[in-house]
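Q: Residue numbering for the sequence shown follows full-length UniProt numbering, starting at 1 and increasing by one per position. Beta carbons: idealized from backbone N, C-alpha and C, even for Gly. Remember, it's a predicted structure, so these values are computed and weren't measured experimentally. For reference, the structure I am asking about is given below.
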Amino acid sequence: MDTTAQTSPAPPTGTPRSRKVPRVLILGGGTVGLYSARRLRKRLGKQDAAIVVVDPRPYMTYYPFLPEAAAGSIDPRNVVAPHRRALKNIDVLYGKVSAIRHADRKVEITPQEGAPYEVTYDHLIVGLGSVARTLPIPGLADVGIGFKNVEEAIALRNHVLNRIDLASSTWDPELRRKMLTFVFVGGGFAGIEALAEVEDMARDAAKYYASVDVGELRFVLVEGSRRILPEVNEELGGYTLEQLRKRNIEIHLSTFLTSCIDGHVVLSNAVEFDAETIVWTAGVRPNPVLTRSDLPLDKLGRVTCLPTLQVAAEDGTVVPDAWAAGDCAAVPDLYNPGQFCPPNAQHALREGNHLGDNLARILRSAEPTEYKHKNVGAVASLGMYKGVAQMFGRVKVRGFPAWVLHRTYHVFAMPTLNRKVRIMADWTSSLIFRREVVALGSLHDPRAEFRAASLPLPLPPVERDARTD
Ligand SMILES: Cc1cc2nc3c(=O)[nH]c(=O)nc-3n(C[C@H](O)[C@H](O)[C@H](O)COP(=O)(O)OP(=O)(O)OC[C@H]3O[C@@H](n4cnc5c(N)ncnc54)[C@H](O)[C@@H]3O)c2cc1C
Numbered sequence: 001m002d003t004t005a006q007t008s009p010a011p012p013t014g015t016p017r018s019r020k021v022p023r024v025l026i027l028g029g030g031t032v033g034l035y036s037a038r039r040l041r042k043r044l045g046k047q048d049a050a051i052v053v054v055d056p057r058p059y060m061t062y063y064p065f066l067p068e069a070a071a072g073s074i075d076p077r078n079v080v081a082p083h084r085r086a087l088k089n090i091d092v093l094y095g096k097v098s099a100i101r102h103a104d105r106k107v108e109i110t111p112q113e114g115a116p117y118e119v120t121y122d123h124l125i126v127g128l129g130s131v132a133r134t135l136p137i138p139g140l141a142d143v144g145i146g147f148k149n150v151e152e153a154i155a156l157r158n159h160v161l162n163r164i165d166l167a168s169s170t171w172d173p174e175l176r177r178k179m180l181t182f183v184f185v186g187g188g189f190a191g192i193e194a195l196a197e198v199e200d201m202a203r204d205a206a207k208y209y210a211s212v213d214v215g216e217l218r219f220v221l222v223e224g225s226r227r228i229l230p231e232v233n234e235e236l237g238g239y240t241l242e243q244l245r246k247r248n249i250e251i252h253l254s255t256f257l258t259s260c261i262d263g264h265v266v267l268s269n270a271v272e273f274d275a276e277t278i279v280w281t282a283g284v285r286p287n288p289v290l291t292r293s294d295l296p297l298d299k300l301g302r303v304t305c306l307p308t309l310q311v312a313a314e315d316g317t318v319v320p321d322a323w324a325a326g327d328c329a330a331v332p333d334l335y336n337p338g339q340f341c342p343p344n345a346q347h348a349l350r351e352g353n354h355l356g357d358n359l360a361r362i363l364r365s366a367e368p369t370e371y372k373h374k375n376v377g378a379v380a381s382l383g384m385y386k387g388v389a390q391m392f393g394r395v396k397v398r399g400f401p402a403w404v405l406h407r408t409y410h411v412f413a414m415p416t417l418n419r420k421v422r423i424m425a426d427w428t429s430s431l432i433f434r435r436e437v438v439a440l441g442s443l444h445d446p447r448a449e450f451r452a453a454s455l456p457l458p459l460p461p462v463e464r465d466a467r468t469d
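Pasting the structure below:
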C-alpha cells in the first residue's frame, strides 16, 4: 500500500505526511461526514489519526430546514454548517469523488477547476448521500426544479415570488394562470413540507398585491401512491390531506406526471394544464458515483454494511478498512429484522456518531459495536403554526403543538450552537416583523445588468430610419 500522503499531483492540503499516523478519508461532508469526522476527532488526537473530508460544497446542509428556508422563515445561510468552522483540526478537500478503488486504497477526486488527482488512505468512510430519483418524463429535465439542496430552495422561493410579481403586471388571463400554477410531484415528507411551506408563504405574499387575488394561486400535488406521508400512520396522513384540501390545494393521488413539455402538464388521470413551476420531490436514490467503485452494492445501489457500519459483502464478509452510513448505505435495522434503516437525518446523524466511535475503537484495537436506533417518530411543518407529528409510534400530534415540536426537535438536531442561535433569532424576527416576501430573482444571473450596460444601446427607430435613407 502506498504510504505517502497522496499520489501525484499533490492535493491542496499542505505538505505530504509520512503516514506514521493513519489517514481516515471521509467521502461526503454531509450529515454522516460531518458527524463521523467530529466524533472521530473527539475520540482521537491529531497524533492518532489524520482526518480528511472530501465534498464539492464548503458546508453541510441540514435538510429538514430546507422547506422553512424556501418559505423565508429561516435565512438559507443558517440551515448550513460551514466546514471551516464545524470541522476543527480536520482537513477538507473541495472536489467531487469521481472513482473509488478501495483495493488500492485510492480515491480519485475531481476538483471544480484543475485536473483530477488521487488521494490514498488507510480507512475509508463513505457518506456520499443520495440524489433526486428522477424519471425520463418528457419535459421534466428542462422545466423541473429539484428540492434537494439549499441552492434549489433559494431558487424556488425566488421563482415563486417572481411569478407573483410578473403575474401582477400581466392582464393576459392564460399567462396569469400559467404563472400562478405551482405543481409539486411527490407526497413524501420532503414534498409535503415543501408544498405546504411554499404555499403558505405564497398566499401570505399575494396579500401585498392589489392586482393578484389570493384565490388565483393554484397549488397542485401529484402523488403516485394512494396516500401521502408514508412516514406517519394512515390517520395522520389522512389528517394532513384534509388540512391541505382545506387550503384549496388540489391533490391527485394514485396519479403520475406523464409529460410537462414547455410547462404543459399532463397527468395520468387525463388532467392537463399549464404551469411555470414544477417541483420534483419524488424520492431519492443512492449517489450514482458508487457505481464507479469496487465496494459491494445491493440492487438499489447502496453500499452493503453490517450493523457495525463496516462495509461487507452480501455474505457478511467484512471489507477491511471500509465504513459506510446514511442515505448511500444499506444499514440493517436491528429493531425491524430483515429491513434497512430508512434514509433520514434521524438515522444519518446517529450512524455518523456511531461510526466515529467504532472506527476509534478499531484504531485502539477494541471491538466495534452494533448500531441500533428505534425511530423516535416523525415531525413535519405544514406552514406557519401548522404541523403534524407522530412520536414513539403511538403519540399523534396535530396543528400548533406539532409545529412547535417540529421546530424544537430540529433546532436541537441542527449542528453547531452558532446555527441553533441564528435559527432561533430568524424565527423570532419573522414572528415579530412577519417573514420576508421579496424575490431577489437577479441573484441567479447577477451579471445580466452589467452585460446589458456594457453593450451599445440600439438606436431609436427614428434615428435608425434616418441613417438608412
Ligand atoms: C428537502 C428534504 C427534507 C428532509 N427532511 C427530513 C426530515 O424532516 N427529517 C429527517 O429525518 N430527514 C429528512 N431528510 C432526509 C435527510 O436529510 C437525509 O436522509 C440525510 O441528510 C442523509 O445524510 P447523508 O450524510 O447520508 O447525506 P447528505 O447529508 O446528503 O450528505 C452527502 C454529502 O455528500 C456530498 N457529495 C455528493 N456527491 C459527492 C461526490 N461525488 N464527492 C464528494 N462529496 C459528494 C454532498 O455534497 C453532501 O454534502 C430530508 C431530505 C430532504 C432533501
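Could you have a look at residue 313 and say whether DSSP puts it in helix, strand or coil?
A: Here residue 313 refers to the residue found at position 313 when the sequence shown is read from its first residue. Note: residue 313 maps to coil in three-state DSSP.
Q: Quick check: the Cα distance between residue 372 and residue 48, rounded to an integer number of angstroms?
A: Locating residue 372 in the sequence shown gives position 372, counting from the first residue. Locating residue 48 in the sequence shown gives position 48, counting from the first residue. Each residue's Cα considered, the two are about 27 Å apart.
Q: Any chance the CB of residue 55 is under 7 Å from a heavy atom of ligand 1?
A: Your numbering for residue 55 matches position 55 in the sequence shown. Answer for residue 55: yes, Cβ within range of ligand 1.
Q: Kindly indicate which residue of 29, 453 and 39 has the alpha-carbon position closest to the one of residue 354.
A: To locate residue 354, count along the sequence shown from 1; it is residue 354. Checking every option, the nearest Cα to that of residue 354 belongs to 39.
Q: If you reduce the DSSP assignment to three classes, tell me which class residue 227 lands in.
A: The residue given as residue 227 occupies position 227 in the sequence shown. Correct three-state label for residue 227: coil.
Q: Please tell me whether, using a cut-off of 7 Å, the distance from the CB of residue 346 to the nearest non-hydrogen atom of ligand 1 is below it.
A: As a first step, residue 346 must be located in the sequence shown, where it is residue number 346. Answer for residue 346: yes, Cβ within range of ligand 1.
Q: If you draw a straight line from the C-alpha of residue 236 to the C-alpha of residue 253, how long is it?
A: The residue you call residue 236 lines up with position 236 of the sequence shown. The residue you call residue 253 lines up with position 253 of the sequence shown. Near 16 Å, if we compare the C-alpha coordinates of residue 253 and residue 236.
Q: Would you say residue 334 touches ligand 1, meaning its beta carbon is less than 7 Å from a heavy atom?
A: Within the sequence shown, the letter at position 334 stands for residue 334. Answer for residue 334: no, Cβ out of range of ligand 1.
Q: Going by DSSP, which residues form a beta bridge with residue 99?
A: Reading the sequence shown from its first residue, position 99 is the one you call residue 99. Bridge partners of residue 99 according to DSSP: 108.
Q: Got a sec: does ligand 1 put a non-hydrogen atom nearer than 7 Å to the Cβ of residue 327?
A: Numbered from 1 along the sequence shown, position 327 holds the residue referred to as residue 327. True, at least one ligand heavy atom lies under 7 Å from that Cβ.
Q: To the nearest whole angstrom, what separates the beta carbons of residue 125 and residue 76, a pair I think is in contact under 8 Å?
A: In the sequence shown, counting from the first residue as 1, residue 125 sits at position 125. In the sequence shown, counting from the first residue as 1, residue 76 sits at position 76. That belief does not hold up - the Cβ atoms of residue 125 and residue 76 are roughly 27 Å apart, past 8 Å.
Q: If you compare alpha carbons, which of 361, 327 and 357 is closest to residue 348?
A: Within the sequence shown, residue 348 is the residue found at index 348, counting from 1. Closest by alpha carbon: 327.
Q: Since I believe residue 250 is in contact with residue 309 (beta carbons under 8 Å), could you give me their beta-carbon distance rounded to a whole number of angstroms?
A: The sequence position of residue 309 within the sequence shown is 309, counting from 1. The sequence position of residue 250 within the sequence shown is 250, counting from 1. So it is not a contact: roughly 43 Å between Cβ atoms.
Q: Indicate, with yes or no, if ligand 1 has a heavy atom lying under 7 Å from the CB of residue 148.
A: As a first step, residue 148 must be located in the sequence shown, where it is residue number 148. Because some heavy atom of ligand 1 lies under 7 Å away, the Cβ of residue 148 counts as near it: yes.
Q: Going by C-alpha distance, which of 108, 225, 267 and 238 is nearest residue 137?
A: Against the sequence shown, residue 137 aligns to sequence position 137. With distances taken between Cα atoms, residue 137 lies closest to 267.
Q: Would you say residue 206 lies against chain D (beta-carbon separation less than 8 Å)?
A: In the structure shown, chain D does not exist; there is a single protein chain.
Q: Just list the beta strand (DSSP E) runs in the stretch 382 to 464, keeping only unbroken ones of 3 residues or longer that don't cross its boundaries, in chain order.
A: 387 to 391 and 395 to 398
Q: Using only the alpha-carbon positions, how far apart do residue 314 and residue 388 sit?
A: Working through the sequence shown from its first residue, we reach residue 314 at position 314. Working through the sequence shown from its first residue, we reach residue 388 at position 388. Straight-line Cα distance between these residues: approximately 38 Å.
Q: Suppose the cutoff is 6 Å on Cβ atoms and the five residues either side in sequence are ignored; what does the same chain contact list for residue 273 look like?
A: Numbered from its first residue, the sequence shown carries residue 273 at position 273. Only 265 meet the Cβ criterion.
Q: Tell whether a beta-carbon distance below 8 Å holds between residue 406 and residue 379.
A: Here residue 406 corresponds to residue number 406 of the sequence shown, with the count starting at 1. Here residue 379 corresponds to residue number 379 of the sequence shown, with the count starting at 1. Yes, the Cβ-Cβ distance between residue 406 and residue 379 is below 8 Å.
Q: For the alpha helix (DSSP H) that contains residue 189, what are its first and last residues?
A: Here residue 189 refers to the residue found at position 189 when the sequence shown is read from its first residue. From DSSP, the alpha helix (DSSP H) with residue 189 extends over 189 to 206.
Q: Identify, in the order they occur along the chain, each residue of the same chain with its Cβ nearer than 7 Å to the Cβ of residue 333, setting aside the five sequence neighbours on each side.
A: Here residue 333 corresponds to residue number 333 of the sequence shown, with the count starting at 1. These residues qualify, in order along the chain: 339, 340 and 341.
Q: Taking only heavy atoms of ligand 1 into account, decide whether any of them is closer than 7 Å to the Cβ of residue 64.
A: Translated into positions along the sequence shown, residue 64 becomes position 64. Under cutoff, so the answer is yes.
Q: May I ask you to report which of helix, strand or coil DSSP gives residue 260?
A: Against the sequence shown, residue 260 aligns to sequence position 260. Look at residue 260 here: in three-state DSSP terms it is coil, with no helix or strand label.
Q: Is the CB-CB distance between residue 217 and residue 180 below 8 Å?
A: As a working mapping, residue 217 is identified with position 217 in the sequence shown. As a working mapping, residue 180 is identified with position 180 in the sequence shown. In contact: residue 217 and residue 180 (Cβ atoms closer than 8 Å).
Q: Classify residue 84: buried if its beta carbon has 16 or more other beta carbons within 10 angstroms, exposed otherwise.
A: Residue 84 sits at position 84 when you count from the first residue of the sequence shown. It counts as exposed.
Q: Skipping 5 residues on each side, what residues in its chain have a beta carbon closer than 8 Å to that of residue 169?
A: Position 169 of the sequence shown, counting from 1, holds the residue named residue 169. Hits under 8 Å: 211.
Q: Roughly how far, in whole angstroms, is the beta-carbon of residue 55 from the beta-carbon of residue 72, given that I think they are within contact range, below 8 Å?
A: Indexing the sequence shown from 1 puts residue 55 at position 55. Indexing the sequence shown from 1 puts residue 72 at position 72. Rounded, the Cβ-Cβ distance is 27 Å, inconsistent with contact.
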